[in-house]
Amino acid sequence: MSNILAEDGKRNSSGEYGSYDTGFDGYGIRTFSKLPYSKELSDDLDVIVAGLPFDTLTTARPGTRLGPTGIRAAYLGNTCSPDLNVATTSVLNAIDWGDIPVENGNTKESFDSISQHIADFAKTGAVPITLGGDHSMAFPELMGYKEIYGKLAIVHFDSHSDTGYHPMDADAPFDHGTPFYDAITHGCVDTEHSIQIGMRGLVPEKTTHDFAHSSGMDMLTATQAHNLGIDGVAKAIRKKVGDAPVFITFDIDFLDPAYAPGTGTPEGGGFTTWEAFEMIRKGLLGLNIKGCDLVCVNPTYDNAEITCMAAARVAFEFMSLIACKKEGITDYKGYHADTK
2 MSNILAEDGK
12 RNSSGEYGSY
22 DTGFDGYGIR
32 TFSKLPYSKE
42 LSDDLDVIVA
52 GLPFDTLTTA
62 RPGTRLGPTG
72 IRAAYLGNTC
82 SPDLNVATTS
92 VLNAIDWGDI
102 PVENGNTKES
112 FDSISQHIAD
122 FAKTGAVPIT
132 LGGDHSMAFP
142 ELMGYKEIYG
152 KLAIVHFDSH
162 SDTGYHPMDA
172 DAPFDHGTPF
182 YDAITHGCVD
192 TEHSIQIGMR
202 GLVPEKTTHD
212 FAHSSGMDML
222 TATQAHNLGI
232 DGVAKAIRKK
242 VGDAPVFITF
252 DIDFLDPAYA
262 PGTGTPEGGG
272 FTTWEAFEMI
282 RKGLLGLNIK
292 GCDLVCVNPT
302 YDNAEITCMA
312 AARVAFEFMS
322 LIACKKEGIT
332 DYKGYHADTK
């Protein structure tokens, strides 16, 4: 009797029942969307996916350090986007680099590592997509991008503005509620072309939102975004960002807890997964995207992996936008890449 499996793990190409090959390609280390795992950086890469398992600066419900693992585990079989009509993983030269080295409990060393790795990724010309991790990581990410691109506009989907302030001489000058205050005051953000969407969480001080407004960014609260609808939000994003190089940052608590319970600071009154996907497609298609992150996924509070699956889909939508840019796909339901 012949062996069923050959040495390469596939079915033998010959046997008494004929020749065939299963063609499985999912062996080895688990990666995002079954992308090849590689530490090799080159200037022909389109996308670099990397995990950021850091949650030291969470102020409630720790566990987002497990986010990258949960998102990678929630593989949905994605290879193409039927909505955008692009064969995402075939079009892109993309890798999963693994996790950026961080040490929970050591903020300075971790922030330095994040900034340096993001700068190294950006030097290749690829678009990094990072999986977190608490939202404090956006500050060192933007510091890394600044080294290569200068200031970036931001499109920020979240239930909180994350523009809180702590004195730099405080015992804890940073937390997951301060990254955009820190990034703006360190000259990383092109505020005149930046917009925040979905704010509805209670804040400790009114100055948190006052700073966001006075910085030059636009802000659409959740109530305003619901009233505008998907098309209105998409138009607001495109009008504000224009052709500016932009960083997309998506906190999973932008979604309503019914769709994403697995997060550190859930807030009611949020958005459905479909609404989020449509805002991403209509609002971001054709923008000059330099980097993306997907943060605050906390698998320890998830239910049936629905948060991790939603997060994986958001990250895949980002990849599909980059594939559209490469393929010259510029239109989605009347939202044209040249129409702001």
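Read in order, the letters of the sequence shown correspond to residues 2 to 341 in this note's numbering. From the three backbone atoms N, C-alpha and C, an ideal C-beta is built for every residue, glycine too.
- The segment 123–202 contains, as complete alpha helix (DSSP H) runs of 4+ residues, the segments 139–150 and 180–186 (chain order).
- Per DSSP, the continuous beta strand (DSSP E) segment holding M220 begins and ends at D219 to T222.
- Under DSSP, D294 forms a beta bridge with T131 and T250.
- One thing to note: A123 has its Cβ within 8 Å of the Cβ of G145.
- Segment contact: the segment 247–260 against the segment 46–59, fewer than three CB-CB distances shorter than 8 Å; contact not assigned.
- Looking at the DSSP output, L256 sits in a beta bridge with F272.
- Close CB contacts of F317 within its chain, under the 8 Å cut and outside five residues either way in sequence, are with S34, L77, N79, S82 and T89 (chain order).
- Bounds of the beta strand (DSSP E) holding I49 are V48 to L53.
- Shown here for L221: same chain residues with a beta carbon closer than 8 Å to its own, the five before and five after excluded, namely I196, Q197, I198, G199, M200, L229, V234 and A237 in chain order.
- For I101, no alpha helix (DSSP H) encloses it, and the DSSP letter there is neither H nor E.
- If you check the CB distance, A75 and A313 come in under 8 Å.
- Per DSSP, the beta bridge partners of S82 are V87.
- Taking one beta carbon from each stretch, the segment 90–100 and the segment 35–51 have 3 or more pairs nearer than 8 Å; the two touch.
- Looking at the backbone, the Cα of I249 and that of D159 are separated by about 11 Å.
- Listed in chain order, the non-local C-beta contacts of T308 below 7 Å within the same chain comprise I253, A261, P262, G263, T264 and V298, local neighbours out to five positions each way being set aside.
- DSSP places N299 outside both helix and strand once states are collapsed to three, so it counts as coil.
- Counting C-beta atoms within 10 angstroms of its own C-beta, P180 has 16 or more neighbours from the protein chains shown and is therefore classed as buried.
- Beyond the five residues adjoining it in sequence on each side, L67 comes within less than 6 Å, by CB distance, of P300 in the same chain, given in chain order.
- By the criterion of a C-beta distance shorter than 7 Å, S116 is surrounded in its chain by P141, M144 and G145, once the five residues flanking it on both sides are discounted.
- Straight-line spacing of the CA atoms in I149 and D303 works out to 36 Å.
- Distance check between T108 and each of V92, D135, T131 and A95 places D135 closest, using alpha-carbon atoms only.
- Note on geometry: alpha-carbon atoms of N289 and E268 lie some 30 Å from one another.
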